[in-house]
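Line by line, the protein sequences are chains W and H. Numbering follows the working numbering, in which position 11 of the first sequence is assigned residue number 11; successive positions increment by one, without gaps. Numbering follows the working numbering, in which position 351 of the second sequence is assigned residue number 351; successive positions increment by one, without gaps.
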Amino acid sequence: MKQKIVLHFPSIVTEQPFTYHLIKEYNLMVNILKANINPRKEGRMVVEVCGDQEDYQAGMDFLQSRGVKISPLEQEIVWLEDRCTQCGACVIICPVGALVMERPEMKVKFVGEKCIVCEHCIKACPARAMEVLY
Amino acid sequence: MVKRTYEEINAKIRAGEAVVVTAEEVISMAREKGIEETAASVDVVTTGTFGPMCSSGAFLNLGHTKPRMRMSRVFLNGVEAYAGVAAVDVYLGATQLPESDPANTNYPGDFNYGGAHVLEDLLAGKEVLLEAESYGTDCYPRKKLEKMIRLDDIPYALLFNPRNAYQNYNVSVNLSDRTIYTYMGILKPNMGNANYSTAGQLSPLLNDPFYRTIGMGTKIFLGGGVGYVSWFGTQHSPEVLRGENGVPLSPAGTLAVMGDLKQMSPQWLRGISLIGYGVSMMVGIGIPIPILDEEMLRYTAISDEEIITDVVDYSEAAPQGTGETLGKVSYAQLKSGEITLGDRVIPTASLSSYLKAREIAEILKEWIKSGQFLLTKPVFTLPTTGEGINYRKIV
């Protein structure tokens, strides 16, 4: 299985290795999409994790047992539809096609599962209709 | 030959018998039934546009305080309104930034808040901080004022936009090797994207290319309420090159519009932030076009394939004002999501909302069909071709 998730590291664990254990002991393929980790500060990492269902579950249990909070990716960036003016300035900024213009309606659509939380859309949206939650 | 007067059209609107269609609907009608038959059946075509229109703002009369005050500097949520009008009359410009805004010192600046956002907040019923200073006079002794106010507390609020609804606008690309931040949005290096901003076939002035029916006094949909065309807009330039259909091939006509701010809606006047550039306002405008004759129907039946505009390099040609263009494309191509320029296929994005433009044309159609919105005959129509007018001279 393959899953994009967000890992939240409390400040007391940011100096411990995690990716190493996920790869070495749980046989998971970890692709880091985005990371913001600083010593003694709360950290956050967006990763794509790939492996057997059992290994995946064991890896996640390991993370949680060490105080790492796991959340699904699509909850990280939200599209405030009622703030969106449907202009479409975002669609050429989003590098993964998570923001698309539906034609011929000319309606903007946000495909949450494609989003990699690069946050390029946040400031590219003139109406400030994209928000990061963390 | 179809001939209609404003009076005849209004009589049909009052009787609930007027045939009103949008500038999008009329295209397929004209294709199916022909110009003559469609002109015979349609009385009014409604247009719409919802895009960033910088030259916007509002005249506010803030009301007299006790004791009285001759306000010489006025701020609303930290955004300065021009107070050199009269004691308590100010003009709040849409693009004005708060004095504390770092602008582009940390390039590209965010520009999260400005005059347009103040107007949107007022329309949303929010409280806004009014700060005013004065040097004090015998008749206006008060020197300082700090007060939370809402739109309801402001005695008089007139939206007055000196330049809106540009008739055609160019497409922006970036030939340089770094990302640039413009009023046309983020432009990626080496023509990574092409941005445009008009409603094309739905856009008001593209449906009446020579301004036969639009002028001072034309009643319009403005910011969700009713407004009027008050004059031709700044930079109004009818003498640009036009296609065989009469439609300008580059930016041409503009409108100055006005209306009572208090009956408008924050949905149709929206503050926006253009990264690295500044603040602007998205303004919703819809203009009804009376089908006075077959020629007017032919104008309104224009489609995106027939509206052509220039592609301009915003890294060099636009900022330096060279007037150089890179080629021409149609709005149908732009709306498809990509344009071809030479051997390059470039993805496109719009800053103007076609979906909302359509919604405005639909709302205006319903207003007219319900009999509540009558058409007005302009006191005079906008300056057109052959009058030797060019308000866009570069000095």
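Cβ atoms here follow ideal geometry from the backbone N, Cα and C, with glycine treated the same way. Since the structure is predicted, the reported quantities are computational estimates derived from the model, not experimental observations.
For residue j and residue i, the rounded distance between their alpha carbons
| i | j | result |
| --- | --- | --- |
| H:Glu-99 | H:Met-281 | 19 Å |
| H:Ala-132 | H:Ser-265 | 26 Å |
| H:Gly-386 | W:Ile-93 | 43 Å |
| H:Pro-141 | H:Arg-70 | 8 Å |
| H:Ser-230 | H:Lys-12 | 26 Å |
| H:Tyr-314 | H:Lys-3 | 45 Å |
| H:Arg-344 | H:Pro-189 | 14 Å |
| W:Lys-34 | H:Glu-338 | 30 Å |
| H:Arg-68 | H:Leu-158 | 22 Å |
| H:Cys-54 | H:Lys-144 | 31 Å |
| W:Glu-54 | W:Glu-48 | 16 Å |
| W:Lys-114 | W:Lys-4 | 9 Å |
| H:Glu-32 | H:Asp-121 | 46 Å |
| W:Leu-7 | W:Ser-71 | 7 Å |
| W:Met-130 | W:Cys-121 | 7 Å |
| H:Gln-333 | W:Lys-123 | 27 Å |
| W:Glu-105 | W:Gly-88 | 12 Å |
| W:Lys-24 | W:Val-96 | 29 Å |
| W:Lys-69 | W:Asp-61 | 10 Å |
| H:Arg-358 | H:Val-283 | 14 Å |
| H:Ile-291 | H:Tyr-82 | 41 Å |
| H:Val-128 | H:Asp-177 | 43 Å |
| H:Met-191 | W:Phe-18 | 41 Å |
C-beta neighbour in chain W for residue i, strict 8 Å
| i | result |
| --- | --- |
| H:Gly-337 | yes |
| H:Phe-50 | yes |
| H:Asp-110 | yes |
| H:Lys-66 | no |
| H:Pro-266 | no |
| H:Leu-129 | no |
| H:Gly-185 | yes |
| H:Pro-98 | no |
| H:Arg-270 | yes |
| H:Met-29 | no |
| H:Pro-347 | yes |
| H:Ser-56 | no |
| H:Met-282 | yes |
| H:Leu-122 | no |
| H:Lys-328 | no |
| H:Lys-219 | no |
| H:Ser-172 | no |
| H:Asn-10 | no |
Nearest residue (CA-CA) to residue i, options the options
| i | options | result |
| --- | --- | --- |
| H:Thr-49 | H:Gly-286, H:Lys-377 and H:Ser-370 | H:Gly-286 |
| H:Ile-154 | H:Ala-252, H:Asp-313, H:Ala-357 and H:Phe-59 | H:Phe-59 |
| H:Ala-23 | H:Gln-372, H:Tyr-391, H:Val-79 and H:Ile-302 | H:Ile-302 |
| H:Trp-268 | H:Gly-227, H:Asp-89 and H:Pro-209 | H:Gly-227 |
| H:Glu-306 | H:Ala-83, H:Leu-222, H:Gln-201 and H:Arg-163 | H:Gln-201 |
| H:Gly-396 | H:Met-29, H:Ala-361, H:Ala-15 and H:Arg-68 | Lying before the first or after the last residue shown, residue 396 of chain H is absent from chain H, which here runs from 1 to 395. |
| W:Lys-41 | W:Glu-15, W:Val-78, W:Val-117 and W:Pro-72 | W:Glu-15 |
| H:Val-79 | H:Pro-290, H:Ser-315 and H:Ala-94 | H:Ala-94 |
| H:Asp-260 | H:Leu-123, H:Ala-83 and H:His-236 | H:Leu-123 |
| H:Asn-106 | H:Tyr-181, H:Lys-147 and H:Pro-162 | H:Tyr-181 |
| H:His-236 | H:Ser-370, H:Ile-27, H:Ile-346 and H:Thr-384 | H:Thr-384 |
| H:Ile-275 | H:Glu-8, H:Pro-209 and H:Pro-108 | H:Pro-108 |
| H:Asp-310 | H:Val-88, H:Ser-250, H:Glu-127 and H:Val-90 | H:Ser-250 |
| H:Ala-252 | H:Asp-304, H:Pro-290, H:Asp-121 and H:Asp-208 | H:Asp-208 |
| H:Cys-139 | H:Ser-273, H:Ala-87 and H:Glu-25 | H:Ala-87 |
| W:Glu-119 | W:Ile-77, W:Thr-19 and W:Gly-112 | W:Ile-77 |
| H:Leu-206 | H:Gln-320, H:Ser-72, H:Ala-317 and H:Ile-308 | H:Ile-308 |
Proximity test, Cβ basis, 8 Å: residue i and chain H
| i | result |
| --- | --- |
| W:Ile-116 | no |
| W:Glu-81 | no |
| W:Val-94 | A quick correction: the sequence has Cys, not Val, at residue 94 of chain W. Not an interface residue. |
| W:Gly-97 | no |
| W:Lys-109 | no |
| W:Val-91 | yes |
| W:Glu-119 | no |
| W:Glu-15 | no |
| W:Ala-129 | no |
Contact test: residue i Cβ vs the ligand NAD heavy atom, cutoff 7 Å
| i | result |
| --- | --- |
| H:Asn-112 | The ligand NAD is absent from the structure shown, which contains no ligand whatsoever. |
C-beta neighbour in chain A for residue i, strict 8 Å
| i | result |
| --- | --- |
| H:Ile-275 | Absent from the structure: chain A. Protein chains present are W and H. |
Any 3 or more C-beta pairs closer than 8 Å across the stretch 349-356 of chain H and the stretch 75-89 of chain W: yes
Inter-stretch contact at 8 Å, needing at least 3 Cβ pairs: the stretch 94-101 of chain W / the stretch 241-248 of chain H: no
Three CB pairs or more closer than 8 Å across the stretch 373-386 of chain H and the stretch 214-221 of chain H: yes
Cβ pair count under 8 Å reaching 3, the stretch 322-331 of chain H against the stretch 30-41 of chain H: no
In chain order, each alpha helix (DSSP H) run of at least 4 residues that lies wholly inside the stretch 268-312 of chain H: 294-300
Segments of 4+ residues assigned as alpha helix (DSSP H) that fall wholly inside the stretch 30-110 of chain W: 53-65
Complete runs of the beta strand (DSSP E) confined to the stretch 302-374 of chain H [at least 3 residues]: 308-313, 327-330, 338-341 and 344-350
Start-end ranges of the beta strand (DSSP E) lying completely within the stretch 111-163 of chain H, minimum 3 residues: 128-133 and 144-149
3 or more residues per run - each beta strand (DSSP E) lying fully within the stretch 161-187 of chain H: 171-173, 180-182 and 185-187
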